[in-house]
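As given, the protein sequences belong to chains A and B, one line each in that order. Quick note, the first sequence lines up with residues 1 to 220 if you use my numbering. Quick note, the second sequence lines up with residues 1 to 226 if you use my numbering. Beta carbons are placed, not taken as given, at the ideal position from N, Cα and C, and that holds for glycine. Since we're looking at a predicted model, the values are computed, not measured. The block underneath contains the structure these notes are about, expressed in structure tokens.
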Amino acid sequence: MAEEVILLDDFWSSMFGMRCRIALAEKGVKYEYKEEDLRKKSDLLLQMNPIHKKIPVLVHNGRPVCESLVILQYIDETWPGKCSLLPSDPYQRAQARFWADYVDKKFSDLGRKICTAKGEEQEVAKKELIDSLKLLEGELGDKPFFGGEMLGFVDLAIVPFYTYFLAYETCGNFSIEVECPNFIAWTKRCLEIESVSKSLADPQKVYGFVLHLKKVNGIE
Amino acid sequence: MGEELKLFGVWGSPFSRRIEIALKIKGVEYEYLEEDIFHNKSALLLKYNPVHKKIPVLVHNGKPIAESQVILEYIDETWNDNPILPRDPYKRAMARFWAKFIDEKCVPAIWKSFMSGGPEREKANEEACELLSTLEGELKGKKFFGGETVGFVDIVASFIGHWVGPFQEAVGVDLLTEDKFPMLCKWAEEFKNCPVIKENLPPRDKILAFFKAQLEMLTSFYKNRV
């Protein structure tokens, strides 16, 4: 039976979908991309992710996998030959899972606050984001990537958030590069890799999307 | 070199008990260190988990691992006997999905339901019931979430199986009841009666006494965290 791989995704706004696109590209997996209109979710999406009704969803030979970090590990375990996302050593794997989980716990919430809050609340969120990025810089150290010499699980988990940095910086009136130059240097190294640059949305378009969302929700 | 394994935990915490259950399933010896997590975290804990400053933390030959689901996977990958996660990638993905669902959706909704008051509680209760209903659906007549034996999802669901009962009694909320969730309640009984689980859960009456005595402290801890 021919292998069938489908990715249900939303190209512009979902950082989580971007993670999966990079992973599939790194592994050289051929797949069918289906763009979802989140205002009008397809029957397929609702059938494949009835619990969260969210993208991304990877459908492999008719069976759905949901939640981006779960999808990444599934991709890594199903197509093991090329470009390992997780290291082979259990302790290194645990560290990779820890940091990916850290990013998920911190960034979405902080990003949203920076874009929509004002005054003290916004300042606190900005400071927390910078502190988190500095922590990640410490974890990266001298390595070119979090995965070592090559892209790994943590790189894929974090790099899509970069597409929102222009939005954060403009809404929050600050420069992430000034505060965290090593982090930005790492994102530039990632962007030199084709699987990353082809999978990430254009930050200008993402910023436009953020402004549109704010307007729609009546936020100044 | 002898293997050195330490677990920093709290006697009443479902998160640190998960780790103890996993280590017992694997038949691995470890040293347990009790933390005073609410009032006085030890210097060692802060050294081993500077990012979150929480328990559980497993320290294996001096190397720390934090976050309970990360620790569970580490244990499963380090000691191969009695697997906790399935071997098949799709089944592993399903186990990870449901474990995430429990920790990211069910647990916070249950806490919200117990910690809220008035009309907010009713709404939170409804949400929690919907989520528990979804979880019950996943059991699909199996003895355990893991099939015939206890697995990753069962271990993660231990909060629901063993802590929700005394918690709801202390707070006076009827959330997990046999008429609403017959499958989940049956699962809870099977789970708690497994020898390795039974020996590693804190006594129900001790948990109940703790919740009753510390409700005010827990409520303020919850409000400050959110």
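query                                                                                                                                                                           : result
Would you mind sorting residue 199 of chain B into buried or exposed? The rule is 16 or more other CB atoms within 10 Å of its CB.                                              : exposed
Taking 8 Å as the CB-CB cut-off, is residue 18 of chain B touching chain A?                                                                                                     : no
At which residues does the beta strand (DSSP E) containing residue 39 of chain A begin and terminate?                                                                           : First-last for residue 39 of chain A: undefined, no H or E at that position.
Would you say residue 70 of chain A lies against chain B (beta-carbon separation less than 8 Å)?                                                                                : yes
Note down, in chain order, each residue of its chain lying with its Cβ closer than 7 Å to the Cβ of residue 144 of chain A, except the 5 sequence neighbours on either side.    : 189
Tell me whether the beta-carbon of residue 71 of chain B lies closer than 8 Å to the beta-carbon of residue 155 of chain B.                                                     : no
Under a three-way DSSP split, which group does residue 222 of chain A fall into?                                                                                                : No statement about residue 222 of chain A is possible, as the shown extent of chain A runs from 1 to 220 and does not include it.
Run through the DSSP bridge pairs and tell me what residue 66 of chain A is partnered with.                                                                                     : A:57
Out of B:82, B:220, B:130, state which residue places its alpha-carbon closest to the alpha-carbon of residue 146 of chain B.                                                   : B:82
For residue 169 of chain B, which residues of its own chain have a beta-carbon under 7 Å away from its beta-carbon, when the five flanking residues on both sides are left out? : 208
For residue 78 of chain B versus residue 90 of chain A, is the C-beta distance shorter than 8 Å?                                                                                : yes
Can you list, in chain order, the residues of its chain whose CB lies under 7 Å from that of residue 219 of chain A, leaving out five sequence neighbours each side?            : 116
Give me the Cα-Cα distance between residue 139 of chain B and residue 5 of chain A, rounded to the nearest whole angstrom.                                                      : 27 Å
Can the beta-carbon of residue 66 of chain B be found less than 8 Å from the beta-carbon of residue 98 of chain A?                                                              : yes
Over what stretch of residues does the alpha helix (DSSP H) that includes residue 8 of chain A continue unbroken?                                                               : Counting along the chain, residue 8 of chain A falls outside any alpha helix (DSSP H), though it belongs to the beta strand (DSSP E) covering 5-9.
Could you run through the region 43-73 of chain B and flag, in chain order, every residue whose CB is less than 7 Å away from some CB of chain A?                               : 51, 63, 65, 66, 67, 70, 73
At a Cβ threshold of 8 Å, is residue 51 of chain A touching chain B?                                                                                                            : yes
Determine the direct distance from the alpha carbon of residue 153 of chain A to that of residue 123 of chain A, and round the result to whole angstroms.                       : 30 Å
Check each residue of the region 189-207 of chain B: if its Cβ is closer than 8 Å to any Cβ of chain A, include it; give the result in chain order.                             : none
Whose Cβ in chain B lies nearer than 9 Å to the Cβ of residue 213 of chain A?                                                                                                   : What residue 213 of chain A touches in chain B: nothing, since even the nearest Cβ is about 23 Å away.
Count the other CB atoms within 10 Å of the CB of residue 38 of chain A; is the residue buried (16 or more) or exposed (fewer)?                                                 : exposed
Judging by CA-CA distance, which residue of A:17, A:48, A:146, A:82 is the nearest neighbour of residue 28 of chain A?                                                          : A:82
Using a Cβ-Cβ cut-off of 8 Å (strictly less than) and excluding sequence neighbours within five positions of residue 224 of chain B, which residues of its own chain qualify?   : none
Going along the chain, which residues of its own chain have a beta-carbon closer than 7 Å to the beta-carbon of residue 166 of chain B, five neighbours each way excluded?      : 204, 207, 208, 211
Going by DSSP, name the residue or residues bridged to residue 65 of chain B.                                                                                                   : B:58
Note the first and the last residue of the continuous alpha helix (DSSP H) segment covering residue 105 of chain A.                                                             : 90-116
Between residue 1 of chain B and residue 61 of chain B, what straight-line distance do the alpha-carbon atoms span, to the nearest angstrom?                                    : Because residue 1 of chain B carries a pLDDT of 47, less than 50, the predicted location of this residue cannot be relied on, and the following value inherits that uncertainty. Cα to Cα, the separation comes out at about 9 Å.
Alpha carbon to alpha carbon, how far is residue 3 of chain B from residue 141 of chain A?                                                                                      : 29 Å
Just to confirm, are residue 8 of chain B and residue 33 of chain B a CB contact at a threshold of 8 Å?                                                                         : yes
Starting from residue 8 of chain B, follow the alpha helix (DSSP H) in both directions and report where the run begins and ends.                                                : First-last for residue 8 of chain B: 5-9, but that is the beta strand (DSSP E), not the alpha helix (DSSP H).
State the DSSP-derived secondary structure class of residue 192 of chain A, mapped to helix, strand or coil.                                                                    : coil
May I have the straight-line CA-CA distance separating residue 201 of chain A from residue 111 of chain B, to the nearest angstrom?                                             : 37 Å
Name, please, each residue of chain A whose Cβ falls closer than 8 Å to the Cβ of residue 239 of chain B.                                                                       : This structure cannot speak to residue 239 of chain B, because chain B is shown only from 1 to 226.
Measure the C-alpha to C-alpha separation of residue 175 of chain B and residue 135 of chain B and round it to an integer number of angstroms.                                  : 14 Å
By the 10 Å Cβ neighbour count, where 16 or more other Cβ atoms means buried, how is residue 48 of chain A classified, buried or exposed?                                       : buried
Measuring only the C-alpha atoms, how far is residue 217 of chain A from residue 210 of chain A?                                                                                : 11 Å
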